[in-house]
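In terms of this note's numbering, the sequence shown has 636 at position 299, counting the first letter as 1, and numbering is strictly consecutive.
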Amino acid sequence: MFDYDGRTGYEPISDTDRKEFHEQGFLLLRNVLTEEHRAALEEAVDRVYAEEQTKGNTTKDGTLHLLGFLDRDELFGNLLTHPIAFPYMWGLAGWNIYTHHNHLDVTPPALEPEKPYWGWHQDGYRQNSDPETMDPNLPRPMFSLKVAYVLSDLSETGRGATKVIPGSHLWNSLPRPDDLTVHNPDPEGTVEITAKPGDAFIFDRRQWHSRSTNLSSITRKMLFVGYTYRWIRPLDELHIDPESEWWANRTPVQRQLCGEGTHTANYWGINWNGYVDDEIPLRKELKERGQLDRSIPWLR
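See the structure below:
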């Protein structure tokens with residue numbers, strides 16, 4: 338539908354990008370969406386926003402944080418295997434993945450001055466406690482990562498962009514101010530991800546990050562698609578209708594990414610005989626294209 342110069346979504350990422358991601362915990366990718374594609378996605382977001390606003394699902398200032406949005410438009414479903422962003426998902430997490438968490442965000446300009454808050458966190462909820470190590474210098478596992486598609490102009494600070502601390506994905510804790518009723522400075526090393534329409538960024542769920550207040554006159558519009566291992570339970574409900582045209586249009590790989598599997602062991606990447614299941618759609622696709630790599634554990 339959109340021209341990406343023959344990119345398929347199965348080209349390997351560079352060793353340089355993989356190294357930077359592992360060191361910094363995030364990657365900012367420029368010009369991931371063509372302008373035609375970005376505009377079409379924004380139109381779809383505006384339609385969904387109007388529908389949710391009519392239902393009373395936005396906050397008093399008009400903010401919408403919609404979970405499990407992928408089946409609301411054909412364009413959203415195709416983002417699962419975006420030809421530029423998707424290689425980073427399987428390149429950094431492997432072939433036994435699916436989307437467990439995705440959200441559509443619309444953040445209008447704030448109606449009142451910024452109030453004191455401390456929004457710094459890691460994603461994953463109990464994933465930050467259940468596998469905790471007693472050694473504070475031993476980072477927890479990544480488990481999941483997200484790609485965030487930027488649809489509006491966030492090229493200047495103060496427009497509600499995500500703030501991160503590069504390299505903090507290797508920290509199991511972050512010092513918290515004693516008094517949260519007053520404005521506290523951001524942690525040392527904080528970077529606000531300023532991005533242009535059509536850019537995207539990828540981040541490790543362990544990356545310490547925070548929202549920021551939209552103090553501008555521009556409405557922030559973003560789409561987040563998270564990927565995790567198929568042996569981890571979903572966080573969001575997708576409400577996919579198996580009889581719908583949307584589902585009929587999904588490729589085998591996209592169906593895997595929506596959670597489809599043949600049996601319980603299949604989610605662990607194996608058949609009942611204990612051997613790797615080469616028919617798992619993404620593994621099969623990567624194997625046929627010669628992209629499996631035994632030197633990378635998650636691509637074996």
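The beta carbon of each residue, even a glycine, is placed where N, CA and C say it ideally should be. Computed from a prediction, not measured in an experiment: that's the story for all the values here.
### Query
First and last residue of the alpha helix (DSSP H) that includes His374?
Annotation: the continuous alpha helix (DSSP H) that includes His374 extends over Glu372 to Thr391.
### Query
Between the Cα of His576 and the Cα atoms of Pro424, Asp410, Asp541 and Ser510, which residue gives the shortest distance?
Out of Pro424, Asp410, Asp541 and Ser510, Asp410 has the C-alpha closest to the C-alpha of His576.
### Leu404, buried or exposed, once every other Cβ within 10 Å from all chains shown has been counted against 16
Taking all protein chains shown into account, Leu404 has fewer than 16 neighbouring C-beta atoms within 10 Å of its C-beta and is therefore exposed.
### Task
Please report how far the alpha carbon of Trp635 lies from the alpha carbon of Leu552, in whole angstroms.
For Trp635 and Leu552, the distance between alpha carbons rounds to 41 Å.
### Query
Around the Cβ of Glu436, are there at least 16 other Cβ atoms within 10 angstroms (buried) or fewer (exposed)?
The displayed chain sequence assigns Thr, not Glu, to residue 436. That one is buried.
#### Entry: Proximal residues to Lys533 (C-beta, below 6 Å), its chain only, five neighbours per side dropped
Taken in chain order, the residues that qualify are Ser492.
#### Entry: Best match in Arg637, Pro476 and Lys500 for proximity to His546 [C-alpha to C-alpha]
Proximity to His546 across Arg637, Pro476 and Lys500 peaks at Lys500, based on C-alpha coordinates.
### Task
Keeping to the same chain, check which residues put their C-beta closer than 8 Å to that of Asp578; ignore five residues upstream and five downstream.
For Asp578, where only same-chain residues beyond five positions count, the Cβ hits under 8 Å are Asp408 and Trp584.
#### Entry: Cα-Cα separation, His600 to Ile434
Going from the Cα of His600 to the Cα of Ile434 covers about 15 Å.
### Query
So Gly428 is in the alpha helix (DSSP H); what residue range does that whole segment cover?
Run containing Gly428: Phe423 to Ala430, per the alpha helix (DSSP H) assignment.
### Task
State the CB to CB distance for the pair Ser505 and Gln544, rounded to an integer number of angstroms; the pair is presumed to be in contact (CB under 8 Å).
Indeed they touch by this definition, with Cβ atoms about 6 Å apart.
### Query
Looking only at its own chain, which residues have a Cβ that is under 7 Å from the Cβ of Leu517, when we skip the five neighbours before and after it?
Cβ within range, chain order: Pro453 and Trp455.
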